[in-house]
Amino acid sequence: MVKSSGLQNDLDIIINWSKIWSSDLNLLKCKSMSICRKDQTEYEVFNRVDNTSYLLQRTDEERDLAVYTTSDLKWRKHCTIAASKANRALGQIRNIFCYLEHNTTLKGDIELIEKVQKRATKLVKSVRNLPYQERLKKLGMLRLEDRRVRGDLIQIFKIINGCEDINLTNSINYSISNTRNLRRGHDKRLVKEIVKRGSYRYNFLTNRVVNHWNELPYKAVYARSVGSLCWAIRYL
1 MVKSSGLQND LDIIINWSKI WSSDLNLLKC KSMSICRKDQ TEYEVFNRVD NTSYLLQRTD
61 EERDLAVYTT SDLKWRKHCT IAASKANRAL GQIRNIFCYL EHNTTLKGDI ELIEKVQKRA
121 TKLVKSVRNL PYQERLKKLG MLRLEDRRVR GDLIQIFKII NGCEDINLTN SINYSISNTR
181 NLRRGHDKRL VKEIVKRGSY RYNFLTNRVV NHWNELPYKA VYARSVGSLC WAIRYL
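Straight run, no breaks: the sequence shown in full-length UniProt numbering ends on number 236.
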């Protein structure tokens with residue numbers, strides 16, 4: 001064990017070094033901590049600014065480089081704080097609503113939102129050097145734009161099949177010439193609502209999903225469940 005006199009001598013050396021190199025220490029941040037034993041020795045340093053001696057404040061724990069060290073060398077406090085921060089981060093992720101997936105129709109906005117996911121996928125070291133599409137494939141993810149389309153298809157499927165009780169202001173419009181269009185996929189083809197003023201209703205779910213819905217194969221439109229639909233459109 002190092003004697004108290006030896007530690008005091010080390011402190012004096014540090015103070016002299018800081019004096020020579022004009023690198024004053026912040027004495028208010030300098031503290032004394034005894035490891036694994038109760039040592040009540042008080043150590044002092046000389047403050048050359050006002051020529052006074054300063055007793056180091058004693059402490060049982062100290063944070064340095066984001067690591068909490070305690071006098072008993074147990075890491076309970078550090079682990080508790082680290083776990084608390086991690087749980088808060090998980091809580092934030094859990095409470096996030098899909099505002100990034102708001103179905104914008106402007107190309108510039110679509111690309112702006114997609115860049116967020118592009119940056120996120122680069123955080124995975126094993127795929128960061130791959131092209132974006134390859135990163136998504138390796139991670140089992142879809143482009144945000146594709147996810148929005150998929151979400152629209154699932155929602156309109158639920159509405160058409162009565163899986164959800166949604167009272168639409170304007171009902172879904174089916175194509176009158178469905179029998180003629182059987183060769184093009186299915187007989188539940190939709191038509192867009194005629195919008196005379198503005199683009200507000202034009203971008204509503206029942207309008208923006210029409211083209212994607214009409215292009216679905218027969219087995220997707222007549223799927224027996226939402227899960228079957230998801231399986232049928234997984235590669236579309």
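All C-beta atoms, glycine included, are put in the ideal place defined by N, C-alpha and C.
Burial state of residue i (16 or more Cβ within 10 Å)
| i | result |
| --- | --- |
| residue 116 | exposed |
| residue 89 | exposed |
| residue 209 | buried |
| residue 207 | buried |
| residue 216 | buried |
| residue 67 | exposed |
| residue 124 | exposed |
| residue 213 | buried |
| residue 37 | exposed |
| residue 15 | buried |
| residue 100 | Low confidence applies to residue 100: its pLDDT is 48, below 50, so where it sits in the model is not reliable, and the reading given next is rough at best. Residue 100 is exposed by the Cβ-count criterion. |
| residue 233 | buried |
| residue 197 | exposed |
Whole-angstrom distance between residue j and residue i, CA atom to CA atom
| i | j | result |
| --- | --- | --- |
| residue 167 | residue 149 | 22 Å |
| residue 219 | residue 228 | 9 Å |
| residue 299 | residue 12 | Residue 299 cannot be examined here, being either before or after the span of the chain that is shown, 1 to 236. |
| residue 81 | residue 91 | 15 Å |
| residue 25 | residue 108 | 52 Å |
| residue 204 | residue 160 | 16 Å |
| residue 142 | residue 152 | 15 Å |
| residue 176 | residue 145 | 30 Å |
| residue 28 | residue 94 | 41 Å |
| residue 258 | residue 224 | Since the first residue shown for the chain is 1 and the last is 236, residue 258 is missing from the structure and cannot be characterised. |
Residue i - partner residues in DSSP beta bridges
| i | result |
| --- | --- |
| residue 174 | 190 |
| residue 57 | 31 |
| residue 64 | 67 |
Coil, strand or helix - residue i by DSSP
| i | result |
| --- | --- |
| residue 218 | helix |
| residue 10 | helix |
| residue 201 | helix |
| residue 213 | helix |
| residue 223 | coil |
| residue 196 | coil |
| residue 230 | helix |
Neighbourhood of residue i by C-beta, 7 Å cutoff - its chain only, sequence neighbours within 5 removed
| i | result |
| --- | --- |
| residue 173 | 190, 191 and 193 |
| residue 201 | 193, 195 and 207 |
| residue 35 | 71 and 73 |
| residue 77 | 61, 68 and 70 |
| residue 110 | 104 and 145 |
Close beta carbons around residue i, own chain, < 8 Å, minus the five adjacent residues each side
| i | result |
| --- | --- |
| residue 226 | 154, 157, 158 and 163 |
| residue 139 | 121, 124 and 127 |
Cut-off 6 Å between Cβ atoms - residues of its own chain near residue i, not counting five sequence neighbours on either side
| i | result |
| --- | --- |
| residue 105 | 203 |
| residue 30 | 56 |
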